[in-house]
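So for the sequence shown, numbering that gives the first Met the number 0 puts the first residue at 0; every next one is plus one.
Reviewing the structure listed below.
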Amino acid sequence: MEIKCPICGAPMEADTCSYCGYTEKKAPDMTVNGSTIPVQMQPQQMQQTPLPVQMQPQAAFGIPPFNQTGITPGVSRKSKSVALLLCIFLGGLGAHKFYVGKIGMGIVYLCTLGLFGLGWLIDIILILSGNFQDEFGLPLRQ
Ligand SMILES: [Zn+2]
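Right, here's the structure in full:
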């Protein structure tokens, strides 16, 4: 069964999301077997791991950021506008594929000039229609 990250919706490896850095905190094993265990009342240290905030040049494209982290659950961090521009101008080199993390496909595009122009064309349409997905199968954000 696949565990999905509650923050960004990407599939998680073990307890850690490699996409946004989210770590699933498991409750500590509090098995008390009847014996007298000195309970130390320590102030619970809330370890807040700050999410890696990557400041992307969103302003250049006139897109207001979704939130402070730029991560919306179920939506890719990758920008649709950036992917579209990369696809239009550098699509034959697979730039938009590299951008969304599809390195393998990027190399294929690079070697075949965007699947002989066909994949290039299809991807422009996919991006425009909002059906282009990143490496995790998440739709690109607006
Ligand atoms: Zn995540």
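Idealized CB from N, CA, C, for every residue including glycine.
**Prompt:** Pairing CB atoms from the stretch 77-84 with CB atoms from the stretch 106-121, are three or more of them under 8 Å?
**Reply:** no
Can you tell me whether I70 is buried or exposed, with buried defined as 16 or more other CB within 10 angstroms of its CB? Counting from one through the sequence shown, the residue named residue 70 turns up at place 71. Classification of I70: buried, given that the 10 Å Cβ count is 16 or more.
- Task: Inspect the beta-carbon positions of F135 and P10 and report whether they are closer than 8 Å.
- Result: Translated into the one-based positions of the sequence shown, residue 135 becomes position 136. Translated into the one-based positions of the sequence shown, residue 10 becomes position 11. It is a contact, given that the beta carbons lie within the stated cut-off.
Quiz item: Quick one: what does DSSP say K79 is sitting in, helix, strand or coil?
Solution: As a first step, residue 79 must be located in the sequence shown, where it is residue number 80. Looking at K79 - three-state DSSP - the assignment turns out to be helix.
For V99, does the three-state DSSP call read helix, strand or coil?
Indexing the sequence shown from 1 puts residue 99 at position 100. Note: V99 maps to coil in three-state DSSP.
First through last residue of the alpha helix (DSSP H) which encompasses D143: This structure does not reach residue 143, given that the chain is present from 0 up to 141, and the question cannot be answered.
Any heavy atom of ligand 1 within a distance shorter than 7 Å of the CB on A82? The residue you call residue 82 lines up with position 83 of the sequence shown. The answer is no for A82.
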